[in-house]
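Report on the structure given below.
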Amino acid sequence: MNYIHNESCNKNIILHDCKADRAELLGGTLSFFFEEGFRISPEHPESDCDTLVRTDSSQVDYELYRGIAEDVNVYVFCYNRYLRLTVRKEMPLEKLIEIINSKKAYLEFLYEYTDENSRIIKCALRYKKRPWYRECQMELVCKSTVYRWNELRRECVW
């Protein structure tokens, strides 16, 4: 899909509480698609709103450093009844993509910590049935990130 806005600076783009309902790894780029869009801050040059406002359907592309799935580590946190504590389990990126694309769950972005070439994304898998909710974390090594969107939905303020 062609987008009007393709930005590499995330200073005024907020993914917090945004739901990725589709994902793909293609040509060394990991993409997440947000049917309900993501949020743009009032400081963004395109915004004329006083508060955060949603975009229309949007996309985030992470160009992976080596262009392979191993540039992404996905961890899911599960409660272990036997040990009586929460454990971190690694999940292959392909499995995460399959869960999202099959509509078994969507991926809710919560917090993102960035560095020059890496990202740590705190997120949650929200299922339609048990286990309902699983906290997870993605660690990405990427060359660049591009945020893609078309229009602001001024009726969807936060």
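Taking our numbering, the leading residue of the sequence shown gets 5, the next gets one more, and so forth. Where a beta carbon is used, it is the ideal one built from N, C-alpha and C, also for glycine. On a predicted model such as this, the values are computed, not experimentally measured, just so you know.
ASN16 to LYS126 span [Cα, whole Å]: Position 12 of the sequence shown, counted from the first residue, corresponds to residue 16. Position 122 of the sequence shown, counted from the first residue, corresponds to residue 126. Their Cα atoms are separated by approximately 19 Å.
With respect to the beta strand (DSSP E) encompassing LYS126, which residues constitute its N-terminal and C-terminal limits? Against the sequence shown, residue 126 aligns to sequence position 122. Unbroken beta strand (DSSP E) run through LYS126: 122–131.
Nearest CA to the CA of SER148: which residue from PHE113, ASP75, PHE38? Position 144 of the sequence shown holds residue 148. SER148 has its Cα closest to that of ASP75, out of PHE113, ASP75, PHE38.
Between the beta-carbon of ALA73 and the beta-carbon of LEU97, is there less than 7 Å? Mapped onto the sequence shown, residue 73 falls at position 69. Mapped onto the sequence shown, residue 97 falls at position 93. Their beta carbons are under 7 Å apart, which means ALA73 touches LEU97 by this criterion.
Where do the N-terminal and C-terminal ends of the alpha helix (DSSP H) with LYS99 fall, by residue? Sequence index remark: in the sequence shown, residue 99 carries index 95 (1-based). Per DSSP, LYS99 is one residue of the alpha helix (DSSP H) stretching across 97–105.
Please confirm whether ALA24 and PHE42 have their CB atoms less than 7 Å apart. Counting from 1 along the sequence shown, the entry for residue 24 is found at position 20. Counting from 1 along the sequence shown, the entry for residue 42 is found at position 38. ALA24 is not a Cβ neighbour of PHE42, given a cutoff of 7 Å.
DSSP state of GLU74, grouped into three classes? On the sequence shown, position 70 is the one that residue 74 refers to. DSSP, read as helix, strand or coil, puts GLU74 in helix.
Closest to TYR110 by C-alpha separation, out of CYS22, TYR7, GLU11, ASN10, would be which residue? Residue numbering aside, residue 110 sits at position 106 when the sequence shown is read from its first letter. TYR110 has its Cα closest to that of CYS22, out of CYS22, TYR7, GLU11, ASN10.
Taking contact to mean 3 or more Cβ pairs, one atom from each stretch, closer than 8 Å, check whether the segment 46–54 and the segment 129–149 are in contact. Touching, no.
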